[in-house]
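Colleague:
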Amino acid sequence: MLDYLYTTQYQMGGILSISLVLIKLIKTEFDNRCSSDVSLIKITKNYTHAVYVPFQRKDDLVKFYEKPFYLGVLKEHVLPYCHGLLNLDYESEVEGDILPIFRKGEEFNYGVEFMLLISFKDNTVGLVEDALTSLESLIMGFPSLIVQYTQGQNFNHSNKRYTHAVVIRFQSLEAFQIFESSLEYK
1 MLDYLYTTQY QMGGILSISL VLIKLIKTEF DNRCSSDVSL IKITKNYTHA
51 VYVPFQRKDD LVKFYEKPFY LGVLKEHVLP YCHGLLNLDY ESEVEGDILP
101 IFRKGEEFNY GVEFMLLISF KDNTVGLVED ALTSLESLIM GFPSLIVQYT
151 QGQNFNHSNK RYTHAVVIRF QSLEAFQIFE SSLEYK
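Going by the UniProt record's numbering, the final residue of the sequence shown carries number 186, and the count climbs one at a time with no gaps.
#1: Apart from the five residues just before and just after serine 39, which ones in its own chain have a Cβ nearer than 6 Å to its Cβ?
#2: Between Thr133, Asp122, Leu88 and Met12, which lies nearest to residue 187 when the distance is taken from Cα to Cα?
#3: By how many angstroms is the C-alpha of valine 53 removed from the C-alpha of leucine 117?
#4: Could you check how far apart the C-beta atoms of methionine 1 and alanine 50 are, in whole angstroms? I think they sit under 8 Å.
#5: Would phenylalanine 64 and valine 112 be called neighbours here (beta carbons separated by less than 8 Å)?
#6: Hey, is serine 172's beta-carbon within less than 8 Å of any beta-carbon in chain B?
#7: Near leucine 135, what residues of its chain come up, given a Cβ to Cβ distance below 6 Å and the 5 sequence neighbours on each side ignored?
#8: Give, in chain order, every unbroken run of the alpha helix (DSSP H) that is at least 4 residues long and sits entirely within the UniProt domain "Stress-response A/B barrel" (112 to 186).
#9: Verify whether the separation of the beta carbon atoms of asparagine 87 and serine 158 is less than 8 Å.
#10: Whole angstroms is fine: what's the gap from threonine 124's alpha carbon to tyrosine 185's?
#11: Quick one, are the C-beta atoms of isoleucine 146 and arginine 161 less than 8 Å apart?
#12: Which residues in the same chain have their Cβ closer than 7 Å to the Cβ of leucine 20, if we skip the five residues on either side of it in sequence?
#13: Return the CA-CA distance between glutamate 66 and glycine 84, expressed in angstroms with no decimal places.
#14: Could you please give the first and the last residue of the uninterrupted beta strand (DSSP E) stretch that includes valine 51?
#15: Exposed or buried, valine 62, counting other C-beta atoms within 10 Å across all chains shown (16 or more means buried)?
#16: Between the C-alpha atoms of glutamine 9 and aspartate 130, what's the straight-line distance to the nearest angstrom?
#17: Quick one: what does DSSP say leucine 61 is sitting in, helix, strand or coil?
#18: Just to confirm before moving on: does the CB-CB distance between glutamine 153 and histidine 164 stay below 8 Å?
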């Protein structure tokens, strides 16, 4: 299964990289800190793995979903081992040096990717912007720990459960733990 997933990036244009991540549940105090209008959700115990696939352009993602090769990989090599599947697509700009855009360089050989799925209620437009701006400000306060940060609004119409996603690449598990235990984060 893994070989087929990784080979996909070489069979289709527009894929920058593919990261397959084993999900490790981390107990946090998210639920205690959230108002009734915002639900912050880390990947739950229902999921064991996450696949993170950044594309160069939104059009490349559309082509990815339409390709028979990709659908064949899913049908023949992934879905037989899955009890469920969740797709979430968002658009984000990556600033900085060209190597991190293509997820190349020493800092991408190791590290931890933190995925945060967020569900905002429909009537909370102002809160959405405030929450995402606050999160971005918090993240920018830890430049030595974080390799890359992306966030955006979900535009995948087959998944209405989550409205936004955030992916943060930390230099190491220790860097993630420092971030998560910081007073600013709590």
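Cβ atoms here follow ideal geometry from the backbone N, Cα and C, with glycine treated the same way.
All of these numbers come straight from a predicted model, not from anything done at the bench.
Modeller: Straight from the coordinates:
#1: Low confidence applies here, because serine 39 scores a pLDDT of 34, under 50, leaving its location unreliable; read the following figure in that light. Excluding sequence neighbours, serine 39 sits near Ser119.
#2: This structure cannot speak to residue 187, because the chain is shown only from 1 to 186.
#3: 15 Å
#4: A Cβ-Cβ distance of about 14 Å is found for the pair methionine 1 and alanine 50, leaving them out of contact under the 8 Å criterion.
#5: Contact flag unset, no.
#6: The structure shown contains no chain B; it is built from a single protein chain.
#7: So the list is empty, once near-sequence residues are dropped.
#8: 125 to 140 and 173 to 181
#9: Yes.
#10: 22 Å
#11: no
#12: Leu2, Leu5, His49 and Val51
#13: Across the structure, glutamate 66 and glycine 84 are spaced so that their CA atoms are roughly 20 Å apart.
#14: 49 to 52
#15: Classification of valine 62: exposed, given that the 10 Å Cβ count is below 16.
#16: 35 Å
#17: Reduced to three states, the DSSP call for leucine 61 is helix.
#18: Yes, they are a contact pair.
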